[in-house]
Structure formats: C-alpha cells, structure tokens
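Okay, structure first, notes after.
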Amino acid sequence: MRTVRLPSGEQVAAIGQGTWYMGDRKSEATGEVAALQLGIDLGMTLIDTAEMYADGGAERIVAQAVSGRRDEVFIVSKVYPRNASRSGVPAACERSLKRLNTDRIDLYLLHWRGGHPLAETVAAFEALRQAGKIRHWGVSNLDVSDMEEVSRAPGGANCAANQVLYHPNSRGIEYDLLPWCEKRGVAVMAYSPLGHTTSRLLHSPALVAVAKRHGVTAAQVALAWGLRFSHVISIPKASDAGHVRENAAAIDVVLTAEDLAEIDAAHPPPGRKRALDLL
Ligand code: NAP
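Residue numbers (this note's numbering): -8 to 270.
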C-alpha cells in the first residue's frame, strides 16, 4: 500500500476504509466487520469513523474489526460540532474510546464547523493529544478561511488533516483548498470518493472508457484519480467483499495524461472559487 505523510512524519495508508452506515443494522454487522478485516489484510489499514455514524454503532463495528490487531490500524474518528467545546471534546472522546474499545484515537477530527469557536476546539484537541488520548487531530468540511483561522489558533499548526468531499463531480477544492493544504503539509482526506451513492459517478462515460483501457472498473479509476496528489488519502466505504478487493487494488492503477485529459473534459476542474461542497 502506498502511504501519505502526515505533518508529524508518520505514514498512513493512501487508501483507507469509510464506515458511514455501518452499524445501522444488526443483521449486517458480521459482514461489515468481515469487510473491514479483509480491507486491513489488503493494506487499507486506515479506518474512518465518527461518533455520528449509527449513533456510535459504526465505532462499535470498528472495535470488533480491529480486535486483537489494534497496532496494525490507524483509527480516525470525529467529534460532533455540538460537542466541540473545551469540556465537550474530552467527554465525547472518552465515549468514542469506550465504543472503539481502545486507549487512543490516532486522528480525531472536528466533523464540521458549528457554534463553538475553532480556537476552543483546537485547545481541547491539543490537551487530548498531550494526554495521549489522541495521537493527531484535524478537521473536516473546512474551507480555506476556516483553515486559516485554525492555523492562527495556539497549537493550530498541528492540524494534521482536513477531510472533505472530493470526487470527479466535486472538484472545487482543487482551486484553492487542495494547494493550501499541500503547501502546509496538511493531508487531505477525500470522502465519498466514489460519489457516495455511486450510481451517477460510476456510470460516467469518461470513467468507464478509461476503466476499459486499463482493464479495471470505473470505481478503481475514480480512486486512482483522487490519489494523483501525494497528500490525498482516499476513504471509500465498502461492505461488499468484492468492492473491498477492488478498492485495495486501485492503488496499482496509474492514470496517463490522456486518461486525465478525458476525465477533465467530462468533469471539468474549477476555473474559479467555489463554495466548499458538503454532503
Ligand atoms: P463512497 O465511499 O463514495 O461510496 C460508498 C458506496 O460505494 C457504497 O454503496 C458501497 O457499496 C459502494 N462501493 C464501494 N466500493 C465500490 C466499488 N469498488 N464498486 C462499486 N461500488 C462500490 O461514499 P461515502 O460512504 O459517503 O464516503 C466514504 C467515507 O467517507 C464514509 O463512509 C465516511 O467514513 C466518510 N465520510 C465523511 C464525511 C464527512 O463529513 N467528514 C461525509 C461523508 C463521508 P457497499 O457498501 O455495498 O460495498
């Protein structure tokens, strides 16, 4: 598995695994745990979750998937904006640690900006980091102006990652946020890299044509496309074992200039500043 360097120097898997909707249905838990375990076996050792997902249920699925192999895995979780106060962050973190059945979260993110001042959330993250409860912290769904505010806060330079929507139909971050993060060594985690519900994006004639040339699937092309930047981590969610295998193998897909031009023609890059797309 290729890796992406965090500002601390630590390397993490460039393709990880999302968990949104996991833990929602009891009948699917066994399959979801098995899918995550297969993904870990195939090198997708970064697992993204959140206190929001299935009301903590996704964190419980992750706990089962990493049981007995915690040290192999890099766990990312997220705090709700409503919990992002100086006292709310450590309390939410303790609840997540309990559900995850672990003593530390590797990367803890603010899920999106809410009512609490960013500097307060940063202070809470820094305190958790110093206490060893989290190893790194970052943000999600923040555009450049918010990132600048984070970086001005005491300790704000320690922001390790920004997790944002990024796929061929949602390229606004290429205009300014992606280069902003690259310049400062902040990793960008591309969420919904397959377009979330997948049907529209994965039927894109351009992606399908490129996939055909390489003898791979449109999903693998979408993942390889996002990973053309060395500071981007992609976190597709897959509960299906076949999808998990495909996603892990996407690391070997290398797109040519011709492929990228064909994708650009159908899914144009931004020519001006756009508001940050959210899901
Ligand atoms: P996604 O990963 O773009 O798409 C997930 C869908 O794609 C699932 O229906 C999955 O089906 C299917 N799929 C997976 N691999 C496939 C393949 N190789 N071929 C065809 N279909 C495939 O969408 P997402 O779940 O929205 O985003 C990924 C992760 O990002 C989330 O799970 C979550 O961890 C994170 N996220 C974060 C935020 C945020 O605000 N920070 C927002 C959205 C998402 P199966 O499950 O049946 O395999």
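Beta carbons are placed, not taken as given, at the ideal position from N, Cα and C, and that holds for glycine.
Given the structure is predicted, the values throughout are model-derived calculations rather than measurements.
### Query
Between residue 212 and the rest of its own chain, which residues show a CB-CB distance below 6 Å, the 5 nearest in sequence each way excluded?
Excluding five sequence positions before and after residue 212, the CB atoms of its chain that fall closer than 6 Å to its own CB belong to 198, 201 and 202, given in chain order.
### Closer than 8 Å: residue 228 CB and nearest the ligand NAP heavy atom
In terms of side-chain proximity, the C-beta atom of residue 228 is found nearer than 8 Å to a non-hydrogen atom of the ligand NAP.
### Query
Going by DSSP, which residues form a beta bridge with residue 2?
The partner list for residue 2 (beta bridge, DSSP) reads -4.
### Query
Fully enclosed by the stretch 181 to 224, which alpha helix (DSSP H) runs are 4 residues long or longer?
Unbroken alpha helix (DSSP H) runs of no fewer than 4 residues, entirely contained in the stretch 181 to 224, are found at 196 to 205 and 209 to 217, following chain order.
### Query
Can at least three beta-carbon pairs, one atom from the stretch 119 to 129 and one from the stretch 90 to 100, be found at a separation below 8 Å?
By the Cβ criterion, the stretch 119 to 129 is in contact with the stretch 90 to 100, since at least three pairs of Cβ atoms, one from each stretch, lie closer than 8 Å.
### Query
Do residue 221 and residue -5 come within 9 Å of each other at the CB atom, strictly closer than that value?
By the CB criterion at 9 Å, residue -5 and residue 221 fall inside the cutoff.
### Task
Provide the residue span of the alpha helix (DSSP H) that contains residue 314, from first to last.
The structure shown has nothing for residue 314, since the chain only spans -8 to 270.
### Query
Can you give, in chain order, each stretch of the beta strand (DSSP E) that sits fully within the stretch 48 to 82 and has at least 3 residues?
Residue ranges of uninterrupted beta strand (DSSP E) with 3 or more members, entirely inside the stretch 48 to 82 and ordered along the chain, are 65 to 70.
### Message
Buried or exposed, going by whether 16 or more other CB atoms sit within 10 Å of the CB of residue 63?
### Response
It counts as exposed.
### Task
Could you tell me if residue 40 is buried or exposed, where buried requires 16 or more neighbouring beta carbons within 10 angstroms of its beta carbon?
Residue 40 should be labelled buried.
### Task
Take residue 181 as the anchor and find which of 224, 168 and 215 has the nearest alpha-carbon.
If we check each option's Cα against that of residue 181, 224 comes out closest.
### Message
Quick test of your reading: residue 171 and residue 113, contact by CB under 8 Å. State the CB separation rounded to the nearest angstrom.
### Response
Residue 171 to residue 113, Cβ: 17 Å. No contact.
### Query
Would you call residue 194 buried or exposed, if buried means 16 or more other Cβ atoms sit within 10 Å of its Cβ?
Looking at its Cβ environment, which holds fewer than 16 other Cβ atoms inside 10 Å, residue 194 is exposed.
### Query
For residue 272, does the count of other Cβ atoms within 10 angstroms reach 16, so buried, or fall short, so exposed?
The question about residue 272 has no answer, for the chain in this structure spans -8 to 270.
### Task
Flag this pair as yes or no: are the beta carbons of residue 159 and residue 257 separated by less than 9 Å?
Going by C-beta atoms, residue 159 is nearer than 9 Å to residue 257.
### Task
Report yes if the C-beta of residue 235 is less than 8 Å from at least one heavy atom of the ligand NAP; otherwise report no.
The ligand NAP has a heavy atom closer than 8 Å to the beta-carbon of residue 235.
### Task
Inspect the beta-carbon positions of residue 69 and residue 111 and report whether they are closer than 9 Å.
No, the Cβ-Cβ distance between residue 69 and residue 111 is not below 9 Å.
### Top-ranked residue by Cα proximity to residue 207, from 190, 183, 240 and 231
Closest option to residue 207, Cα to Cα, is 240.
### Query
Should residue 228 and residue 9 be called a contact, given that it needs their Cβ atoms to be closer than 9 Å?
Cβ distance < 9 Å, so residue 228 and residue 9 count as in contact.
### Query
Roughly how many angstroms lie between the CA atoms of residue 216 and residue 19, to the nearest whole one?
Approximately 30 Å between the Cα atoms of the pair.
### Query
What residues are listed by DSSP as bridge partners for residue 39?
67.
### Neighbour-count burial assignment, residue 162, 16 or more Cβ in a 10 Å radius
Answer is buried; the Cβ neighbour count reaches 16.
#### Entry: DSSP-derived helix/strand/coil call for residue 149
Helix, per DSSP.
### Task
Ignore the nearest five residues each way along the sequence and tell me which others in residue 130's own chain have a CB closer than 7 Å to its CB.
Counting only Cβ-Cβ distances below 7 Å, and skipping sequence neighbours, we find 100, 101, 141, 150 and 153.
#### Entry: Counted within 10 angstroms of its Cβ, other Cβ atoms place residue 36 as buried (16 or more) or exposed
Burial call: buried.
### Task
With a 10 Å radius around its C-beta and 16 neighbouring C-beta atoms as the bar for buried, classify residue 17 as buried or exposed.
It counts as exposed.
### Query
If you draw a straight line from the alpha carbon of residue 12 to that of residue 22, how long is it in whole angstroms?
Straight-line spacing of the CA atoms in residue 12 and residue 22 works out to 13 Å.
### Task
Tell me whether residue 178 sits in a helix, a strand or coil according to DSSP, three-state version.
Strand.
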